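Asks: According to my numbering, the sequence shown is numbered sequentially starting from 1095.
We put the beta carbon where it would ideally sit given N, CA and C, even for glycine.
Since the model is a prediction, treat every value here as computed from it, not as a measurement.
To start, I am sharing the structure in question, which I have written as structure tokens.
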Amino acid sequence: MKRIICLFFISIGSLISFISAAQSTTDRVKKILPYQIHQHQMTNGLNVVTVPFPSPGVAAFYIVVRVGSREEVEDGKTGFAHFFEHMMFRGTDKYPKEKYSDELKAIGASANANTSLDRTIYHMTGNAAMLDKMMELEADRFMNLKYSVADFKTEAGAVKGEYTKNYSSPLMRLYEAYLDTAFDNHTYSHTTMGFFNDIVDMPNQYDYSIEFFNRFYRPEYSTIVVVGDAKPDEVNKLAEKHFGHWKRGSFKPDVPVELPQDRTKYAHIKVEKFPPQLTLLYKSPAFVSGESDPAALSFASAILTSEKSPLYKKLVIEERKCRNLRSGMFFTRDPYLFSIEATLVNEEDLKYVKEQIDLAVEDLKRKPVDAALLDEIKSRSRYSFAMGMDNPDAIANSLAYYIYLTGNPEALNTYYLVADRITPEQITEAVRKYFVPHALTIATISSSDSSPFKK
């Protein structure tokens, strides 16, 4: 899909004011986002979020739909959340595909979408004075999407092509394999693209596609976010005008609960002449606003594998056993995975590299991290966030992250308040709690037929 690029400029003064607010001497009691978040709950369940931001003439308009691959609970029906990211651009009776594109050009807006585990996000950025038209366009397709069987089959074929392209990468094949290995019950066991057999069968699922749309493209699953040169009262009026007659649905998916893992699991991909890969995956907690474990584990990641860490210096710089080393976790609505990933030079070093990672993890379990180092990481995290919040799109995207996790954009501010209070002892406690052998999945790529770790 072509993007219509809308260039805009934010005053240096706005950026300076943001950084000053986020980095002031009293920032331990301040919200990380120094702009007020206005919320308006409509009677049909649609939430409207407005953040006035000094960007004369420019506004970002997002619709966050809390539907991702997580909600694909029926056997043989994976990949539909991502599929609708494609289908939503197929048009309606009022605005067919070509006319929709022409309308965007006419108002100088860009539009696109993306899908992940827990959400699908549709976003526009353009002339704030044309927000009425933006909402009209989006309300029409969210309520009146229409496509033929032929259109459906065409897009299903495109999705299959996208899958084939993506999974020509051994890393993507490993990703698919370790999700299927790590999860026995939960829908996180499949990627956003879905299982290949389901994608192959997707052209036969036209009727189900209509059912999926009617289930999830409803106001109670959705949040409108407007950031930029816009006033809350005006945004609310436009939302009521265009989305007020959007009917609430009644469907609630029964997402399977993943039972606690009780043994180390293994996933392996054999690939000749490809850099060997080692990925250690520990079960991580769901993101719940106000809880400390996600923040503690995020800091543990920075301590464990940053370029300044002893482990990185040893394996990457000094010994040159690894091409790169990194770690981290997605914040998700349900428990997911914390990953430690290493790309090696020689596959003969797979066991050695894992041993060194294990030693570094055990070191985090034995003693609290240095308080000064933790303060430095916290400061860098806040500053990095502040530096990135220099335009409406960036702010809307950050708010969307916490909206799909919790339903509440204020969870962004809450997270940084919780993170700022994390102690060295809390990091130690979180590492001890989650980095345990029975909750570990070991994923590898090498030229061998099986994992070197599986007994």
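1. Would Ser1378 and Phe1432 qualify as a contact pair, given that the criterion is a beta-carbon distance under 7 Å?
2. For Tyr1311, report the span of its alpha helix (DSSP H) as first-last.
3. Which same chain residues, not among the five before or five after Ala1115, have their C-beta less than 6 Å away from its C-beta?
4. Measure the Cβ-Cβ separation of Pro1370 and Ser1478 and say whether it is below 7 Å.
5. In chain order, what residues of the same chain lie with their CB nearer than 8 Å to the CB of Lys1325, ignoring the 5 residues before and after it?
6. Within 10 Å of its beta-carbon, does Arg1122 have 16 or more other beta-carbons around it, so buried, or fewer, so exposed?
7. According to the Cβ coordinates, are Ala1524 and Asp1356 closer than 7 Å?
8. Report the partner residues of Phe1432 according to the DSSP bridge assignment.
9. Closest to Ser1316 by C-alpha separation, out of Glu1449, Lys1341, Gln1299 and Glu1328, would be which residue?
10. Taking 6 Å as the cut-off, is the beta-carbon of Tyr1496 closer than that to any non-hydrogen atom of the ligand NAP?
11. Taking Cβ to Cβ, would you say Asp1484 is nearer than 7 Å to Thr1219?
12. Alpha carbon to alpha carbon, what distance is there between Ala1390 and Thr1214?
13. Between the region 1147–1160 and the region 1269–1282, are three or more C-beta pairs nearer than 8 Å?
14. If you scan the region 1143–1219 from start to end, which runs of the beta strand (DSSP E) of 3 or more residues do you find wholly inside it?
15. Buried or exposed for Ala1466, please, with buried defined as at least 16 other CB atoms from any protein chain shown within 10 angstroms of its CB.
16. What number of angstroms, rounded off, separates the C-alpha of Thr1209 from the C-alpha of Thr1508?
17. Could you pull out every residue in the same chain whose Cβ sits closer than 7 Å to the Cβ of Thr1119, ignoring the five residues on either side in sequence?
18. Where in the region 1288–1369 do unbroken runs of the beta strand (DSSP E), each at least 3 residues long, occur, reported from the N-terminal end onward?
19. Do you know whose CA, among His1336, Tyr1528 and Phe1393, lies nearest Asp1226's CA?
20. Who does Ile1451 pair with in a DSSP beta bridge?
21. Could you pull out every unbroken alpha helix (DSSP H) segment of at least 4 residues lying fully inside the region 1477–1512, listed in chain order?
22. Whole angstroms are fine: how far does the CA of Ser1262 sit from the CA of Asn1491?
23. Using beta carbons (cut-off 7 Å, strictly below), is Leu1444 in contact with chain B?
24. Alpha carbon to alpha carbon, how far is Lys1407 from Ala1574? Give it in angstroms, no decimals.
25. Could you say which of Ala1533, Phe1155 and Thr1286 lies nearest to Tyr1269 if we only look at CA atoms?
26. Less than 7 Å between C-beta atoms, sequence neighbours within five positions excluded: which residues of the same chain meet that for Lys1548?
27. What is the residue span of the beta strand (DSSP E) that Ala1537 lies within?
28. Can you tell me whether Gly1170 is buried or exposed, with buried defined as 16 or more other CB within 10 angstroms of its CB?
29. When you compare only the Cα positions, how much space is there between Asn1260 and Met1266?
30. As a quick exercise: from Asn1206, Leu1231 and Ser1242, pick the residue whose alpha carbon is nearest that of Lys1193.
31. In the DSSP output, what is Asn1221 paired with across the bridge?
32. Taking the alpha helix (DSSP H) that Gln1130 falls in, what are its first and last residues?
33. DSSP puts Gln1371 in a beta bridge; with which residues?
34. Which of the three DSSP states is assigned to Arg1526 in this structure?
35. Helix, strand or coil for Asn1141 per DSSP?
Replies: Based on what the coordinates show:
1. yes
2. Taken as a continuous stretch (DSSP letters only), Tyr1311 belongs to no alpha helix (DSSP H), as it is neither H nor E.
3. Its pLDDT being 43, under 50, Ala1115 is placed unreliably in this model, and the value from its coordinates should be taken loosely. The answer, listed in chain order, is Pro1128.
4. no
5. Thr1144 and Pro1146
6. Below a pLDDT of 50, predicted positions are generally treated as unreliable, and Arg1122, at 42, falls in that range; no measurement from the model is reported.
7. no
8. Tyr1376 and Met1423
9. Lys1341
10. With respect to small molecules bound, the structure shown includes none, and the ligand NAP cannot be examined in it.
11. no
12. 27 Å
13. no
14. 1152–1159 and 1204–1209
15. exposed
16. 25 Å
17. Here the model assigns Thr1119 a pLDDT of 34, short of 50, so the residue's position is not dependable and the matter cannot be decided.
18. 1316–1322 and 1359–1364
19. His1336
20. Per DSSP, none; premise fails for Ile1451.
21. 1486–1500
22. 30 Å
23. Included in the structure is just one protein chain, with no chain B present.
24. The structure shown does not extend to residue 1574, since the chain spans only 1095 to 1549, so no value can be given for it.
25. Thr1286
26. Tyr1360
27. Leu1534 to Ser1540
28. exposed
29. 7 Å
30. Leu1231
31. Val1152
32. Neither: Gln1130 is in no alpha helix (DSSP H) and is coded neither H nor E.
33. Thr1437 and Ile1539
34. helix
35. strand
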